[in-house]
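Right, one structure below, let's go through it.
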Amino acid sequence: MAVAWGRGRLAPLAGRLRAGSRAPLRSVAAAAAPLYDVVVSGGGMVGSAMAAVLGHDIHFHDKKIALLEAGPRKEYDHIPDSYSNRVSSISPGSATLLSSFGAWDHVCSLRLKPFRRMQVWDACSEAMIVFEKDDLEDMGYIVENDVIMSALTKQLDAVADRVEVFYRSRAVGYTWPLPSHSCDTSPWVQIELADGRRLQTKLLIGADGHNSAVRKEAEIKNIEHRYDQSAVVATLHLSEATDNNVAWQRFLPTGPIALLPWSNVNHSDFIDTAGAMFRSAISLLKPSGTAVRQLPPSVAKVDPGSRAMFPLGMGHATEYVQHRVALIGDAAHRVHPLAGQGVNLGFGDIACLAHHLSAAAFNGSDLGSLKHLLKFETERQRHNVSLIAAVDLLKRLYSTRLAPLVLLRTWGLQATNALPPVKEQIMAFASK
Amino acid sequence: MWGGGAAARALTRALGRRRAAGALPGAAGGLRGTLQNYSWKIQLKSGSTLPVSKTEIKSSMLTVKRLFSTSHPSVDSKEMKKFQLLAHKWWDEEGEYSALHSMNDIRVPFIRDTLLNMSSNYHLGNPLSGVKILDVGCGGGLLSEPLGRLGASVTGIDPLEDNIRTADQHKSFDPVLAKRIQYKSSSLEEIVEESMETFDVIVASEVVEHVADLEMFIKCCSQVLKPEGSLFITTINKTQLSYVLGIVVAEKIMGIVPEGTHEWEKFVPPEELERLLESNGFSVKTVNGMLYNPLSGSWSWMESTSINYAIHAVKSGARGQSSPTDALSELESEQPSATAGTAV
């Protein structure tokens, strides 16, 4: 973090002026570029969801939205039988957002796995914490990224009259408007695509991942830190039949290891039912369910070809917004996956930004105006900074074998486990 | 924080809105607030560098060219000279007109919701579609543009040509707005002959405290408005409080409004405005007080009308004294004999 600060100070105090290319004069060519109300750069889960939410918003009924995606359009007509190893943990808050424009129904009809319980423990001690909701509601859902993209693509197609999706379109240059209005220059953001096409927009939303080009071009400083670690993911087959609705996580000094429930395949319904009856019989005899320490299932084998690795890092942009620009998702913040929050933070950004843009549209405001963009930034930074700092702290705390720190975290974990109100607060914060 | 003090604004720009880049991002909101307070303190010290001082206005009165007609009683030539100097500053959201920009946050929803409540046929994506609005004293188009974005067809008039030029130039970049909004450099009297009973809505925001003959102004509004049409006025009350806050604090101390913009003598109490409206064929429906918070730069509604206030009035229907709804109820009362047989 100190390194990033140093670099920030050396850079000239640019204030509101950017060193990027200047706004073009009012030539015929510039005037001819189509003008959009909102352009979302980046067609991943967060970018596509942003475009879909705006497209389904009633106050955007007459507005023009564009989504730029560098890759080709993927067809998701049928989901392959084999499971993809890129999955995300979707919180109830994110599920609410996805259902607000009809995408969650598609996800449910394809494939997903809810989990009801989360058990986390320390390798160096016996400290353990269990999260579960009182009414045994779903705490979250494990969904393949492809399934989410399929649902989002379907919902984008449903509003194709308002949302234009540009596939195979990489933006190569952005031209920013001058902050103070001047007579000759265009007040809009100019975007140049790789194939030479140009777009103009009143608001550019950067959803292009942790190496965001929008953020770099806007010269927004990013505090980042690379963990010298990579994550390894694989699809595992369990050896015994279980209800498979618990997420397990164990903190090892080398890094956390997590087992996320995926499906009930390879089990007959009969075994499922028998298992459930047995468990309810046990709970009658021993009413306090949380006192029982459930053991994680054992692994039989690894799905061939399902192992993959990706590097880990932490990042946070110092600003989420500038005049006519907003960052959401990984472009604004990047977090360690140990808490399963990455994409949920992005969906949270979408819910907040869409709320403010919708209100601004209904007030007839200029969509790129800093007034409501700053409200979005303040709201989200307050939420995100605490969570990212907490996750980073947890990661560092659990990466050590030093006795004092192990003792500290053991006591902390056991104390937190013994205080239901504190656990409820944590769950509520994480499921937003 | 707001207008005036070229030195203050230059300093704020040099510090940059994003001076807080090195600090914790979560505190950015708080730091920005502090920056605003800081530049306000500079403002107090550099009072002598206000670019638009009263002496400057008086001296420029001799040199300003006549760019507007003064033969109409609703236009006050002294007032026009004041605004001439600031004709190019309309669209700087943090400049002299920042309070008017933030007033949009309450006056646009007020107009929009009042009109939606009166109508039964609208689409939330285009709420004011089909409504013809006249924005009197539109200035640089600060209020015309949001109304245009909500779907209305807006005609903005202002006696000052430079204002109209600024407004035209600003809307020209957005093809949707360019079609929906038309600007004309003219006074209200000049358009009366060609626009009898043409508009559904007239908006006169922060205007009536600048006109010379208020009764004539209201009469012209009535002529140009369709029967049952709405008139929205926002202005400043004439009270001791409005003198202290609206003139002394707002102009001389804090520079929220450029000095010399307002004259307390011309402020209009709501009672007098209501009297003038009612006696000229309007029915006053709503009177709401407004309050400006200089620290946050935002407006809010309040019970008391002692400083700023907004009025919504409706022109009574034409064709004699009865309104269309009265005529309908007369018809209904004539029909009981037809329905009496069926009612059980």
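Residue numbers (our numbering), protein chains in the order written: chain A, 2 to 433; chain B, 742 to 1085.
Cβ atoms here follow ideal geometry from the backbone N, Cα and C, with glycine treated the same way.
Inter-residue Cα distance where the pair is L888 of chain B and N867 of chain B:
Looking up residue 888 of chain B in the second sequence gives position 147. Looking up residue 867 of chain B in the second sequence gives position 126. A direct Cα-Cα distance of roughly 10 Å separates L888 of chain B from N867 of chain B.
Check this for me: beta carbons of I66 of chain A and V108 of chain A, under 9 Å apart or not?
Taking the first residue of the first sequence as position 1, residue 66 of chain A is located at position 65. Taking the first residue of the first sequence as position 1, residue 108 of chain A is located at position 107. Using a Cβ distance threshold of 9 Å, I66 of chain A and V108 of chain A do not count as a contacting pair.
Using the three-state DSSP reduction, which class does H337 of chain A fall into: helix, strand or coil?
Taking the first sequence and counting its residues from 1, one reaches residue 337 of chain A at position 336. Residue state, collapsed to three classes: coil.
Using Cβ-Cβ distances below 8 Å, what residues of the region 873–900 of chain B are close to chain A?
Taking a C-beta cut-off of 8 Å against chain A, the contacting residues of the region 873–900 of chain B are E886, P887, L888, G889, R890, L891 and G892, listed in chain order.
Given this structure, state the Cα-to-Cα distance separating F824 of chain B from T1002 of chain B, to the nearest angstrom.
Your numbering for residue 824 of chain B matches position 83 in the second sequence. Your numbering for residue 1002 of chain B matches position 261 in the second sequence. When rounded, the distance between both Cα atoms is 8 Å.
Partners in chain A for V849 of chain B, counting only beta-carbon separations shorter than 7 Å
As a first step, residue 849 of chain B must be located in the second sequence, where it is residue number 108. Near V849 of chain B (Cβ distances below 7 Å), the residues of chain A are N364 and G365.
L346 of chain A at chain B interface by Cβ criterion, 9 Å
Within the first sequence, residue 346 of chain A is the residue found at index 345, counting from 1. No - not a single Cβ of chain B is within 9 Å of the one on L346 of chain A.
Could you give the distance in angstroms between the alpha-carbon of T939 of chain B and the alpha-carbon of D162 of chain A?
Numbered from its first residue, the second sequence carries residue 939 of chain B at position 198. Numbered from its first residue, the first sequence carries residue 162 of chain A at position 161. If you take the alpha carbons of T939 of chain B and D162 of chain A, they lie about 34 Å apart.
Any contact between the region 199–207 of chain A and the region 323–331 of chain A? By contact I mean 3 or more CB pairs, one from each, below 8 Å.
With a cut-off of 8 Å, the region 323–331 of chain A and the region 199–207 of chain A count as touching, because enough Cβ pairs lie within range.
Through-space distance from M310 of chain A to L339 of chain A, alpha-carbon basis
Within the first sequence, the letter at position 338 stands for residue 339 of chain A. Within the first sequence, the letter at position 309 stands for residue 310 of chain A. C-alpha separation (whole angstroms): 15 Å.
Answer with buried or exposed for Q156 of chain A, where buried requires no fewer than 16 other C-beta atoms within 10 angstroms of its C-beta.
Here the question's residue 156 of chain A lines up with position 155 in the first sequence. By the neighbour-count rule (16 or more Cβ atoms within 10 Å), Q156 of chain A is buried.
Count the other C-beta atoms from every protein chain shown that fall within 10 angstroms of the C-beta of E935 of chain B, then say buried if there are 16 or more, exposed otherwise.
What you label residue 935 of chain B is simply residue 194 of the second sequence in a count that begins at 1. Label assigned to E935 of chain B: exposed.
Would G316 of chain A be called buried (16 or more neighbouring beta carbons within 10 Å of its own) or exposed?
For the purposes of this step, residue 316 of chain A is taken as residue 315 along the first sequence, with counting starting at 1. Around the C-beta of G316 of chain A, 16 or more other C-beta atoms lie within 10 Å, and the residue is accordingly described as buried.
Bounding residues of the alpha helix (DSSP H) (the contiguous stretch that carries Q415 of chain A)
Position 414 of the first sequence, counted from the first residue, corresponds to residue 415 of chain A. Note, Q415 of chain A: alpha helix (DSSP H), A404 to A419.
Can you grab the Cα-Cα spacing for the pair H57 of chain A / V144 of chain A, in whole Å?
In the first sequence, residue 57 of chain A corresponds to position 56, counting from 1. In the first sequence, residue 144 of chain A corresponds to position 143, counting from 1. In this structure, the straight-line span from the alpha carbon of H57 of chain A to that of V144 of chain A is close to 23 Å.
Determine whether the Cβ of F914 of chain B lies closer than 9 Å to any Cβ atom of chain A.
Residue 914 of chain B sits at position 173 when you count from the first residue of the second sequence. Yes, F914 of chain B lies at the interface with chain A (some Cβ there is under 9 Å from its Cβ).
Using three-state DSSP, classify D229 of chain A as helix, strand or coil.
For the purposes of this step, residue 229 of chain A is taken as residue 228 along the first sequence, with counting starting at 1. DSSP, reduced to helix, strand and coil, places D229 of chain A within a strand of the structure shown.
Output, in chain order, the set of chain B residues within a Cβ distance shorter than 8 Å of H60 of chain A.
On the first sequence, residue 60 of chain A is found 59 positions in, with the first residue counted as 1. Listed by position along chain B, the residues whose Cβ is nearer than 8 Å to that of H60 of chain A are L865 and G866.
Can you tell me the Cα-Cα spacing of V949 of chain B and I959 of chain B, whole angstroms?
Numbered from its first residue, the second sequence carries residue 949 of chain B at position 208. Numbered from its first residue, the second sequence carries residue 959 of chain B at position 218. Using only the alpha carbons, I get a separation of about 9 Å.
Could you list which residues in chain A have their beta carbon closer than 9 Å to that of D854 of chain B, in chain order?
For the purposes of this step, residue 854 of chain B is taken as the residue at position 113 of the second sequence. Correct list: empty, because the minimum Cβ distance to chain A is about 10 Å.
In DSSP terms, what T1002 of chain B is bridged to:
In the second sequence, counting from the first residue as 1, residue 1002 of chain B sits at position 261. DSSP, once it has assigned bridges, lists no residue as partnering T1002 of chain B.
At a CB-CB cut-off below 9 Å, which residues of chain C make contact with D331 of chain A?
Considering every chain present, this structure includes no chain C. Its protein chains are A and B.
Pair within 9 Å by beta-carbon distance, K925 of chain B and I943 of chain B
Sequence index remark: in the second sequence, residue 925 of chain B carries index 184 (1-based). Sequence index remark: in the second sequence, residue 943 of chain B carries index 202 (1-based). No.
Step through the CB atoms of chain A and report whether any lies within less than 9 Å of the CB of S843 of chain B.
In the second sequence, the residue the question calls residue 843 of chain B occupies position 102. So, interface residue.
Compute the distance between the beta-carbons of F102 of chain A and A172 of chain A, then report whether it is under 9 Å.
The count along the first sequence starts at 1 and reaches residue 102 of chain A at position 101. The count along the first sequence starts at 1 and reaches residue 172 of chain A at position 171. Annotated as distal: F102 of chain A and A172 of chain A, with beta-carbon spacing of 9 Å or more.
Proximal residues to G881 of chain B (C-beta, below 7 Å), its chain only, five neighbours per side dropped
Here residue 881 of chain B refers to the residue found at position 140 of the second sequence. Excluding residues within five positions, the ones whose Cβ falls inside 7 Å are W831, W832, N904, T907, A908 and H911.
Which chain A residues sit within Cβ distance under 8 Å of D903 of chain B?
For the purposes of this step, residue 903 of chain B is taken as residue 162 along the second sequence, with counting starting at 1. Correct list: empty, because the minimum Cβ distance to chain A is about 12 Å.
Thinking L112 of chain A and M140 of chain A are a contact (beta carbons under 8 Å), I'd like their distance in whole angstroms, please.
As a first step, residue 112 of chain A must be located in the first sequence, where it is residue number 111. As a first step, residue 140 of chain A must be located in the first sequence, where it is residue number 139. Note on residue identity: the sequence assigns Arg, not Leu, to residue 112 of chain A. Not really, about 18 Å apart at Cβ, beyond 8 Å.
Extract the residue ranges of the alpha helix (DSSP H) inside the region 337–387 of chain A, only unbroken runs of 4 or more that lie entirely within it.
The qualifying runs are 343–363.
Are the C-beta atoms of E947 of chain B and some chain A residue less than 9 Å apart?
Looking up residue 947 of chain B in the second sequence gives position 206. Under the 9 Å criterion on CB atoms, E947 of chain B is classed as non-interfacial with respect to chain A.
Could you tell me whether the region 1005–1016 of chain B touches the region 980–996 of chain B, using the rule of 3 or more Cβ pairs below 8 Å?
In this structure the region 1005–1016 of chain B touches the region 980–996 of chain B; the number of beta carbon pairs closer than 8 Å is three or more.
Cutoff 9 Å: D209 of chain A Cβ touching any chain B Cβ:
Translated into positions along the first sequence, residue 209 of chain A becomes position 208. Judged by the 9 Å Cβ criterion, D209 of chain A is not in contact with chain B.
Within chain A, the residues that D846 of chain B reaches when beta carbons sit closer than 9 Å:
As a working mapping, residue 846 of chain B is identified with position 105 in the second sequence. Result: N364, S366 and K372.
Indicate the three-state DSSP secondary structure (helix, strand or coil) for Q426 of chain A in the structure shown.
Within the first sequence, the letter at position 425 stands for residue 426 of chain A. Looking at Q426 of chain A - three-state DSSP - the assignment turns out to be helix.
Could you work out which residue in A:L394, A:L69 and A:P297 is closest to A195 of chain A when comparing CA atoms only?
Locating residue 195 of chain A in the first sequence gives position 194, where the first residue counts as 1. Of the candidates A:L394, A:L69 and A:P297, the one whose C-alpha sits nearest the C-alpha of A195 of chain A is A:L69.
So the candidates are A:K424, A:D63, A:R308 and A:S49; which of them puts its Cα closest to the Cα of A232 of chain A?
Along the first sequence, read from residue 1 onward, the residue named residue 232 of chain A stands at position 231. Checked all of A:K424, A:D63, A:R308 and A:S49; the closest Cα to A232 of chain A is A:R308.
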